[in-house]
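Residue numbers (the working numbering): 4 to 614.
Here it is, written out as structure tokens:
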């Protein structure tokens with residue numbers, strides 16, 4: 004008595020006068036046959052899709068309103084459980100839905116109408132007409148393609164957002180695909196919530212209200228014996244609940260390991276024997292998907308973690324992973340959603356360009372997880388395979404903002420690289436990059452000579468041997484760094500003689516400034532004209548500014564895996580900048596990587612009081 008059911012096999016098709024074998028095989032989860040060629044029927048994409056979002060005080064009220072909304076003929080009605088979702092990271096990226104996110108309502112319904120322009124808009128008008136029947140709800144209407152896309156992007160990102168929440172409790176998929184008749188959904192979900200609460204757990208409820216298919220994920224710690232036992236108990240009780248509501252244990256995702264165990268109960272002895280007989284006819288040796296659909300193992304087997312899982316402790320992290328709940332939790336945040344394989348946005352550049360799975364954030368996280376779990380030996384960290392996977396990470400941090408789970412692969416790469424450095428030593432090129440500021444400062448007095456040498460073929464050949472791409476040009480150094488230029492400029496503007504020692508002049512200028520610009524390695528020694536332009540811009544705006552020398556922020560050292568050197572540089576820079584922060588001066592950076600270092604990486608390097 005449901006609109007969706009994919010449990011078991013499609014035995015009903017075999018009762019037809021002329022059975023269509025394709026309808027039996029499709030949905031069999033690869034357990035009956037292998038396909039070598041497929042012809043797929045396609046529906047045309049709708050010309051126009053328009054949507055609305057309505058929030059409700061409780062889940063039950065939203066599911067009761069669903070029945071009224073279905074009378075308006077929507078193409079889809081989706082439920083979002085806002086309670087657990089509000090605790091997820093990166094939620095504020097969905098700015099369009101801010102009015103809904105700022106409420107205390109428990110649930111949001113996303114409603115869609117599609118067709119041509121007239122049909123879609125007529126659907127929204129029908130919804131407006133019944134809005135009073137929906138009770139005390141708040142509605143947002145989306146009438147442009149961009150608005151509709153953002154609203155539905157949140158629906159698709161619900162699970163990844165939940166997976167990115169900190170702590171040991173994870174949204175667990177084992178009863179996430181049950182389905183009942185839509186008119187029974189409100190009572191069914193109330194009973195479902197009661198079962199979860201009885202077992203001392205909470206859960207997130209999302210799903211396709213229009214079809215009565217709910218994706219419920221209890222929040223459990225499957226690394227504990229109690230969490231595994233709770234999972235088994237909830238599954239048993241939910242199975243009985245599904246039977247009581249004449250529903251389906253698998254609405255659309257299939258049985259797999261997580262639900263095949265229940266099929267003997269769901270179908271009863273006679274029908275289950277028919278499922279086994281069909282499996283016997285196609286795959287008597289059980290080579291295709293063993294344990295799926297029929298003869299399923301207990302739910303508590305084949306767990307990714309389980310109560311016996313222990314992350315190895317020999318690999319000690321060098322950064323702080325407090326915000327994630329530990330180094331292992333930082334790696335385990337990745338659960339394989341695969342959004343790092345997309346070709347829009349920034350994440351993940353190597354994977355987007357090459358379309359190579361092994362260069363994705365997911366592949367890197369899986370590789371580190373294999374080492375952490377003991378599936379790969381610790382020595383694999385220095386092997387060629389992990390170097391190919393992790394060495395291609397650009398540390399751009401796009402995954403931290405665009406990955407719904409918030410995986411910080413840039414920081415994880417630092418941990419890997421630091422371990423490699425500890426085991427193999429620091430190559431000449433890495434040491435040179437790490438000490439970029441020191442080398443630049445030493446080269447400034449003879450900058451013309453250094454620049455000329457950098458343009459020679461010999462220099463490029465030597466650099467290529469060290470690992471620098473032959474297309475890469477050496478940076479051009481200036482003889483007068485930014486701090487010296489600003490000290491001269493400030494002294495002249497204030498009627499002072501040209502300073503012989505610029506330190507005192509810089510300190511005096513900073514004490515009178517409203518904004519201080521940090522002279523990073525690039526604008527200090529390579530492109531000081533950018534810093535001069537910044538100062539000139541503020542002067543035109545009548546804002547008092549100054550340039551300060553805080554030394555290296557630690558970026559070049561951290562990027563080359565020299566964590567302790569980076570920590571020392573960060574601590575020195577923080578101490579130099581602290582007086583300006585305490586004085587209430589705005590502190591500005593021009594180099595984005597240095598700013599990211601201060602705002603993000605210092606927290607991992609320094610204690611809270613220093614960062």
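Backbone N, C-alpha and C define an ideal beta-carbon position, used for all residues, glycine too.
Treat the numbers as computed from the prediction; the structure is a model and nothing was measured.
What are the start and end residues of the alpha helix (DSSP H) that includes residue i?
i           : result
residue 402 : 401-405
residue 511 : 505-514
residue 597 : 595-599
residue 346 : Residue 346 -> no alpha helix (DSSP H), and no H or E assigned at all.
residue 370 : 364-376
residue 144 : Taken as a continuous stretch (DSSP letters only), residue 144 belongs to no alpha helix (DSSP H), being part of the beta strand (DSSP E) at 141-145.
residue 581 : 566-585
residue 280 : 266-285
residue 589 : Premise fails: residue 589 lies in the beta strand (DSSP E), 589-591, not in any alpha helix (DSSP H).
residue 239 : 228-247
residue 416 : 412-427
residue 325 : Taken as a continuous stretch (DSSP letters only), residue 325 belongs to no alpha helix (DSSP H), as it is neither H nor E.
residue 390 : 387-393
residue 605 : 605-608
residue 357 : 352-357
residue 262 : 259-263
residue 524 : 524-528
residue 531 : 531-543
residue 102 : 101-104
List the endpoints of the continuous beta strand (DSSP E) containing residue i.
i           : result
residue 118 : 110-118
residue 548 : 548-551
residue 518 : 518-521
For residue i, which residues from the same chain have a beta carbon less than 8 Å from its beta carbon, with the 5 sequence-adjacent residues on both sides left out?
i           : result
residue 204 : 221, 222, 223, 233 and 237
residue 442 : 435
residue 482 : 447, 448, 450 and 451
residue 109 : 59, 60, 61, 62, 65, 84, 85 and 86
residue 395 : 353 and 362
Apart from the five residues just before and just after residue i, which ones in its own chain have a Cβ nearer than 7 Å to its Cβ?
i           : result
residue 264 : 299, 300, 301 and 302
residue 248 : 183, 187 and 191
residue 589 : 517 and 518
residue 202 : 233, 236 and 237
residue 534 : 485, 520, 522, 526, 550 and 593
residue 174 : 162, 165, 166, 207, 220 and 222
residue 16  : 22, 23, 26 and 27
residue 294 : 260, 263 and 300
residue 343 : 350, 351, 354, 363, 364, 365, 402 and 406
Per DSSP, what are the beta-bridge partners of residue i in this structure?
i           : result
residue 223 : 173
residue 217 : 181 and 210
residue 332 : None; residue 332 has no bridge partner.
residue 251 : 182
Give me, in chain order, the residues of the same chain whose beta-carbon lies closer than 6 Å to that of residue i; leave out the 5 immediate sequence neighbours on both sides.
i           : result
residue 462 : 456
residue 281 : 12
residue 348 : 405
residue 126 : 116
residue 373 : 379
residue 477 : 457
residue 278 : 11, 12 and 297
residue 530 : none
Is residue i close to chain D, meaning its C-beta is less than 9 Å from at least one C-beta of that chain?
i           : result
residue 130 : The displayed structure is made up of one protein chain only, and chain D is not part of it.
Between the segment 154-166 and the segment 33-40, can you find at least three pairs of beta-carbon atoms closer than 8 Å?
no
Is the segment 396-416 touching the segment 534-554 in the sense that three or more CB pairs, one from each, lie closer than 8 Å?
no
Whole runs of the alpha helix (DSSP H) within the segment 435-511, excluding any shorter than 4 residues
439-446, 450-457, 460-469 and 485-496
On the three-pair Cβ rule with 8 Å, is the segment 416-436 touching the segment 381-393?
yes
Tell me the start and end of each unbroken alpha helix (DSSP H) in the segment 15-88 that is at least 4 residues and wholly inside, in chain order.
Here the runs fully enclosed are 24-28, 62-73 and 85-88.
Scan the segment 159-215 and note each continuous alpha helix (DSSP H) run of 4 residues or more that stays entirely inside, going in chain order.
161-166 and 188-201
How about the segment 133-140 and the segment 78-91: do they share at least three Cβ pairs that are nearer than 8 Å?
no
Should the segment 58-67 be regarded as contacting the segment 117-136, the criterion being three or more beta carbon pairs within less than 8 Å?
no
For the segment 427-437 against the segment 456-474, are there 3 or more C-beta pairs whose distance is under 8 Å?
yes
The segment 50-58 / the segment 330-348 touching (three or more Cβ pairs under 8 Å)
Short answer: they don't touch.
contact_flag[the segment 579-598, the segment 513-532] where n(CB pairs < 8 Å) is 3 or more
yes
Segment contact flag, the segment 352-369 with the segment 312-330, C-beta cutoff 8 Å, min 3 pairs:
no
Given 8 Å, three or more beta-carbon pairs between the segment 193-200 and the segment 252-269:
no
Sufficient close CB pairs (3 or more, under 8 Å) joining the segment 364-376 to the segment 397-412:
yes
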